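Notes follow the structure.
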Amino acid sequence: MFPADLKYTKDHEWLRPAADGTALIGITQYAQEALGDVVFVDLPEVGESFGQGEEFGTVESVKTVSELNMPAAGDVLEVNDSLGDHPEVVNEDPYGKGWMVKVKLTGDLTGLLDPKAYEALVSAESH
Amino acid sequence: MSTTASELMKTPLNAAHRALGAKMVDFGGWDMPVQYPAGILAEHEAVRTRAGLFDVSHMGEIRVKGPGALALVEHLTPNAVSQLAIGQVHYTAFLYENGTFVDDLLVYREGAEEFLLVVNAGNSDKDFAWVQQHAPGYDCTVVNESPVTGQIALQGPLSLSILQPLTKTPLEPIGYYWFTHGEVAGVKCLISRTGYTGEDGFELYCAAADAEKVWNAVMAAGTPKGLLPAGLGCRNTLRLECKMALYGHEIDDSIHALEAGLGWIVKLDKGDFIGRDALLAAKAAPATRKLVGFKTLEKRDIARDHMPVVQDGRPVGFVTSAAPSPTCGINLGLAYVPTDQAKVGGRISIEIRGRAVDAEIIPTPFYKRQK
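As given, the protein sequences belong to chains A and B, one line each in that order.
Following full-length UniProt numbering, the numbering of the first sequence begins with 1 at its first residue and continues without gaps.
Following full-length UniProt numbering, the numbering of the second sequence begins with 1 at its first residue and continues without gaps.
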């Protein structure tokens, strides 16, 4: 539920930092469950730059829509184009094949939650 | 009424939903399943192609009985109650004097002098008070049976074949919008061939205490045939594809019955009823707005409930309900638009998160089952 190698936001995005200063970004298990069946993911263009907390896309489910906010400042290096034809992968594998963008980090990771803090947040929201 | 999580009302099937792993939400003060583990898309598809089972015990039931019952229900609703045969149901409404909606409902004619009115959960208390308020002078009793009534909706093309083995009552002869009384799984039920999904199906009313027995029997009979328990999430997408109105969306106390496209439930020549004068006047004047169906043109443009319809940057209407349609595979919705923009094939503009996007007016219902 809360992979140890990830950093989390209060808005239920995750970020997986790599040693080369890049990071993958997606939404959490809790977020995909709350959304229900995902039918469309609107992602940015490669090369766009975003500040921490800035909206970089939206994820649409059958019943609702949610903004995607950047866990940390970065330049978009890659987007997960396979979600165009298979948005359901976000539900099936939110921490793996359901990743959304790969960025080159341009800022630090302040304010992000470690797995334990995020688990406590989710637990509080569920009750 | 204000409720906190601990005060949410529960149907007699609450424990059954939790045992099935349902995701529960606060729906108008009721703790209801929005979906089960299969998810909205799978549940929607099950109802369209096989069957789905819904708990609708939160709906309200009001029984009106006595020599004055027919006259009272005629006074309270615009449809022609006297035309209902015993054993027949029709869709109708409670209207205010100005022709707008108190609620929409089903009227069941149980006898010459007995009617069962089935109303929306969230309006149940308001509706009961409305009927009581108008009942003096009519020789009849008005009883709120909601707390003691369970209601289960079995919907989908396999409904009849799933239900028939559980009852001695022959189901095939029950026509659409007719009902009878019988036993299902040994439980006394009102068996009604009605529903809110656009598919064939049955709505079963029974004592609240017996609801779980009926639910479990239908689940057991239907699961081998591909039946899924179905939540409020797919109930909404199913009814939207068929352009069935939902109170608080297509109809409310600011919209009158003719604008809502519900002229077919308004029998202006049946005699007096609450709202008739206003609707007569509305019929004589040119309509200013109309409820239309639309689809957005780009896959990424998904309209949602209550978004504005705009023209030259100004709001000229609003979306009542919208969603990606699981059956049709397009992003569709219903909206009130000015009459001059209501033509099928025409374009309207919907503001989605600050961006005006194009939508095309298309014919409704969006989905119609093959009979």
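Backbone N, C-alpha and C define an ideal beta-carbon position, used for all residues, glycine too.
It should be emphasised that the depicted structure is a prediction, and the values quoted were computed from it without experimental measurement.
Following the DSSP letters along the chain, one finds B:V214 inside the alpha helix (DSSP H) bounded by residues 211-222. Secondary structure note for B:W178: it is in no beta strand (DSSP E), with a DSSP letter that is neither H nor E. Assigned with DSSP and collapsed to three states, B:Q88 falls in strand. If you draw a straight line from the Cα of A:D11 to the Cα of B:E351, it is about 25 Å long.
Your pair B:D55 and B:T11 checks out as a contact, with CB atoms roughly 6 Å apart and the cut at 8 Å.
When B:S254, B:E145, B:T141 are compared, the shortest CA-CA separation from B:V64 is found for B:T141.
Residue contact with chain B for A:N80: absent (no Cβ-Cβ distance below 9 Å to any residue of chain B). Around the beta-carbon of B:K290, 16 or more other beta-carbon atoms lie within 10 Å, marking it buried. Residue range 30-35 is occupied by the beta strand (DSSP E) that includes B:W30.
For the alpha helix (DSSP H) assignment, the uninterrupted runs of no fewer than 4 residues enclosed by the UniProt domain "Lipoyl-binding" (22-104) of chain A are, from N- to C-terminal side, 29-35, 89-92.
The beta carbon of B:D253 lies closer than 8 Å to those of Y96, T100, F101, V102 in the same chain, with the five residues before and after it left out. Residues of the region 24-41 of chain B whose Cβ lies closer than 9 Å to any Cβ of chain A, in chain order: V34, Q35, G39, I40, L41. Inclusion of A:E13 and A:L77 in the CB contact set at 9 Å is not warranted, their separation being larger than that value.
Rounded to whole angstroms, the gap between the alpha carbons of B:V25 and A:D20 is 43 Å.
For the UniProt domain "Lipoyl-binding" (22-104) of chain A, the residues whose beta carbon sits under 7 Å from a beta carbon of chain B are, in order, G36, D37, V39, F40, D42, E60, V62, K63, V65. The beta-carbon distance between B:A38 and B:L158, rounded to whole angstroms, is 16 Å. This is too long to meet the 8 Å contact definition. Against B:I302, the close residues of chain A are V39, F40, E60, V65, in the order they occur along the chain (beta-carbon pairs closer than 8 Å). CA-to-CA, the gap between B:E360 and A:P44 works out to about 26 Å. Per DSSP, B:D301 is not a residue of any alpha helix (DSSP H), being assigned neither H nor E.
The beta-carbon separation of B:L190 and B:F179, rounded to 6 Å, stays under the 8 Å limit for a contact. Here A:F2 is near A:E119, since their CB atoms are less than 9 Å apart. In the structure shown, the three-state DSSP call for B:A335 is strand. Taken atom to atom, the span from the alpha-carbon of B:T364 to that of B:A323 is near 15 Å. When DSSP states are grouped into helix, strand and coil, B:N120 belongs to the coil group.
Scanning its chain for C-beta atoms nearer than 8 Å, with the 5 sequence neighbours on each side dropped, one finds around B:K343 the residues I361, in chain order. When the alpha-carbon of B:L116 is set against those of B:D125, B:H75, B:L70, the nearest one is in B:L70.
For the region 307-335 of chain B, residues whose beta-carbon sits nearer than 8 Å to a beta-carbon of chain A comprise A323, P324, P326. Put simply, the backbone Cα of A:H86 is about 10 Å away from that of A:V41. For the 9 Å CB-CB criterion, B:Q35 and B:G233 form a contact. Leaving aside the five residues that flank B:Q88 on each side, the residues in its chain whose CB is nearer than 6 Å to its CB run, in chain order, R109, W178.
Annotation: Cβ neighbours of B:G233 in chain A (cutoff 8 Å, chain order): G36, V62, K63. The region 221-236 of chain B makes no contact with the region 268-275 of chain B: fewer than 3 CB pairs, one atom from each, lie closer than 8 Å. The beta-bridge partner set that DSSP reports for A:W14 consists of A:Y8, A:G26.
Around B:L105, the same chain offers T92, A93, F94, L117, V118, V119 as residues with beta carbons nearer than 7 Å, after the five sequence neighbours per side are excluded. Boundaries of the beta strand (DSSP E) around B:N144: 141-144. The straight-line gap separating the alpha-carbon atoms of B:I274 and A:T28 is approximately 52 Å.
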